[in-house]
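According to my numbering, the sequence shown holds residues 1 to 202 in order. See structure below.
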Amino acid sequence: MTNLVRVDASALPAAMSHSKQLADVFQTAWQAKNQGKVVVHTLADAPFKHLDGMLIGAMYTPADQRTAQQKIALETSDQLIAELKAASHLLITTPMYNFGIPSTLKSYLDQIARVGETFVYTEDGPKGLLSGCSATIIMSSGGDYTQPPLSAMDFVTPYLKTLLGFIGITEVAVVVAPGLGKGEEAVAAAMQQAKVSINKLF
């Protein structure tokens, strides 16, 4: 099914968030090419629960053995996974915070990386189950971490690509808007280049 799931991780409101502004560019281009449903999760406004003992226990309990409390604990995870199974594309937009992703995005990913639902263990190792979905990552950062030696400090895109690949989403495009802390001219140049990169995806 041609649906888009959009996950915005910036803590800033849309008017101040470069990654959310680029997400709008992507969504507009996507909707011009597709007629499907768009599901948007703005994590700063409605964050998902962090992993706790109840949630982990429920995830690893066979479905036919779960208690009523465990089933309730998994309701959000069930919903988010159902969205991805019905989607053709996942858009994740995030700033780099202290070289990594915001904790709200980690919470979302922890809800969707679930044994038996988005991956399984086999004799040949883990196998992702969301192979019908592709993804785009849009990352903004105050510094420029696209080239060595600073590229070694980017723990955002490698982590996201690894996790998405683990659950079966191996077709992943990455768009970056680096150096946004270097003044207005640098911001304008980075945003323009990112918009060009986004439009090239379509």
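Ideal Cβ placement from N, Cα and C applies to all residues, glycine included. No experiment lies behind these values; they were computed from the predicted model shown.
Per DSSP, the beta bridge partners of Leu91 are Arg6, Thr136. For the set Tyr60, Ala9, His18, Thr67, the Cα lying nearest the Cα of Pro47 is the one of Ala9.
The count of Cβ pairs closer than 8 Å, one atom from the region 171-178 and one from the region 11-26, reaches three, so the stretches are in contact. Taking Lys127 as reference, the option from Val187, Gly168, Ala11, Asn3 with the minimal CA-CA separation is Gly168. When C-alpha distances from Ala173 are compared across Asn98, Ala82, Asp64, Phe26, the shortest belongs to Phe26.
With a threshold of 16 other beta carbon atoms within 10 Å, Pro13 falls short and is exposed. Looking at His50, Met59, Thr136, Tyr97, the one whose alpha-carbon comes closest to that of Val156 is Tyr97. Phe166 sits in a helix when the DSSP states are folded into three classes.
Excluding five sequence positions before and after Ala29, the CB atoms of its chain that fall closer than 7 Å to its own CB belong to Ile198, Asn199, Phe202, given in chain order. According to DSSP, Thr42 shares a beta bridge with Asp8. By the criterion of at least three beta-carbon pairs nearer than 8 Å, the region 76-90 is in contact with the region 130-138. Only residues of its own chain outside the window of five on either side were considered, and among them Ser134 have a CB closer than 6 Å to the CB of Glu171, listed in chain order.
In the structure shown, Thr122 adopts extended strand secondary structure according to DSSP, grouped into three states. For Ala152, there is no enclosing beta strand (DSSP E), as DSSP marks it with neither H nor E. Gln69 counts as exposed, since fewer than 16 other beta carbons sit within 10 angstroms of its beta carbon.
Leaving aside the five residues that flank Asp144 on each side, the residues in its chain whose CB is nearer than 6 Å to its CB run, in chain order, Pro178, Gly179.
Contact between Thr2 and Gln31 is absent: CB atoms are separated by about 11 Å, not below the 8 Å threshold. With distances taken between CA atoms, Arg6 lies nearest to Glu83 out of Gly116, Leu160, Ala190, Glu83. Within the same chain, Asp110 come within 6 Å of Leu51 by CB-CB distance, once the 5 residues on both sides are set aside.
The beta carbon of Phe119 lies closer than 8 Å to those of Ala113, Pro126, Lys127, Gly128, Leu129, Phe166, Ile167, Gly168 in the same chain, with the five residues before and after it left out. The criterion of a C-beta distance shorter than 7 Å is not satisfied by Ala58 and Leu43.
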